[in-house]
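In what follows, a single structure is set out as structure tokens and then discussed.
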Amino acid sequence: MKRDVELIVLNHTKFGENSIVLHTLSREYGRRSFLLRVGKKTGMALFLPLNILEATVVENPKASLWTAHGFSSRYPLAGIRSNLYKNSMTLFMSEVLWRTIKEGASEDGLYDWCMRSILTLDALDNDFSNFHVRFLLELAVALGFSPSMDDLRPFVQEHAALAQRLLNADLTESLLIPMNGQQRNALCEEIIRYLEFHTESAINVRSLAVLRELFAS
Numbered sequence: 009m010k011r012d013v014e015l016i017v018l019n020h021t022k023f024g025e026n027s028i029v030l031h032t033l034s035r036e037y038g039r040r041s042f043l044l045r046v047g048k049k050t051g052m053a054l055f056l057p058l059n060i061l062e063a064t065v066v067e068n069p070k071a072s073l074w075t076a077h078g079f080s081s082r083y084p085l086a087g088i089r090s091n092l093y094k095n096s097m098t099l100f101m102s103e104v105l106w107r108t109i110k111e112g113a114s115e116d117g118l119y120d121w122c123m124r125s126i127l128t129l130d131a132l133d134n135d136f137s138n139f140h141v142r143f144l145l146e147l148a149v150a151l152g153f154s155p156s157m158d159d160l161r162p163f164v165q166e167h168a169a170l171a172q173r174l175l176n177a178d179l180t181e182s183l184l185i186p187m188n189g190q191q192r193n194a195l196c197e198e199i200i201r202y203l204e205f206h207t208e209s210a211i212n213v214r215s216l217a218v219l220r221e222l223f224a225s
């Protein structure tokens, strides 16, 4: 059975000489990986992290790894791809999603929240340095944890006041909360530990080091 779906790219891994396994998030399948044939003419930029694509999925109940083809971009994301800082944020955000959401897992509303987050980052012209911190808190809500300050305090400790402000603020207000690079990085590490505790799994996010360098001040 074939189905046309919209997918968010989380990651891809090489599989043999002429194939990749594309790890995605969708409304229909939650997190699911697909086997794709690629060649020298394949535009690999199409599969950058957090790209939103349309594709035809070939469902095969007998196979653990389905195939997909006919990929095209749903949104250009020019505001992200032309900005080093935003592009680095998408590497971090996609890695967090990839390492947090298990294969086959599907939370109601998770895809639509994720898509809105990507399009919001794409549209922001300035004042987006706190976006990835806000994203982590919203992810906790999207996964069903609904963090309260009492729940977060053991993890954020000396940054409890900042975490409280983030929890109480709407998106626009949260992006304007004064934070330096050290505070952002610390909060990210602490909220990831919170996510690890609630998902009962290790989330080793390597791309956080890139953001640490970019947002050092």
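Residue numbers (the working numbering): 9 to 225.
Even glycine gets a Cβ: it sits at the ideal position worked out from N, Cα and C.
Quick caveat: nothing in here was measured; it's all calculated off a predicted structure.
1. Rounded to the nearest angstrom, how far is the Cβ of I16 from that of Y119, given a contact under 8 Å?
2. Leaving out the 5 sequence neighbours to the left and right, which residues in its chain are closer than 6 Å to E103 when beta-carbon positions are compared?
3. For the region 79-95 and the region 125-144, state whether three or more C-beta atom pairs, one from each stretch, are separated by less than 8 Å.
4. Which first and last residues belong to the beta strand (DSSP E) in which A76 is found?
5. Would you list the one or two residues that DSSP bridges to E62?
6. Does the region 68-88 come within contact of the region 203-213, defined as at least 3 CB pairs closer than 8 Å?
7. When the Cα atoms are used, what is the spatial distance from D133 to T98?
8. Please classify S137 as buried or exposed, where buried requires at least 16 neighbouring CB atoms within 10 angstroms.
9. Grab me the residues of D158's own chain with a C-beta within less than 7 Å of its C-beta, minus the 5 sequence neighbours each way, in chain order.
According to the structure shown:
1. 7 Å
2. V213, S215
3. yes
4. 74-81
5. E14, S80
6. no
7. 16 Å
8. buried
9. none
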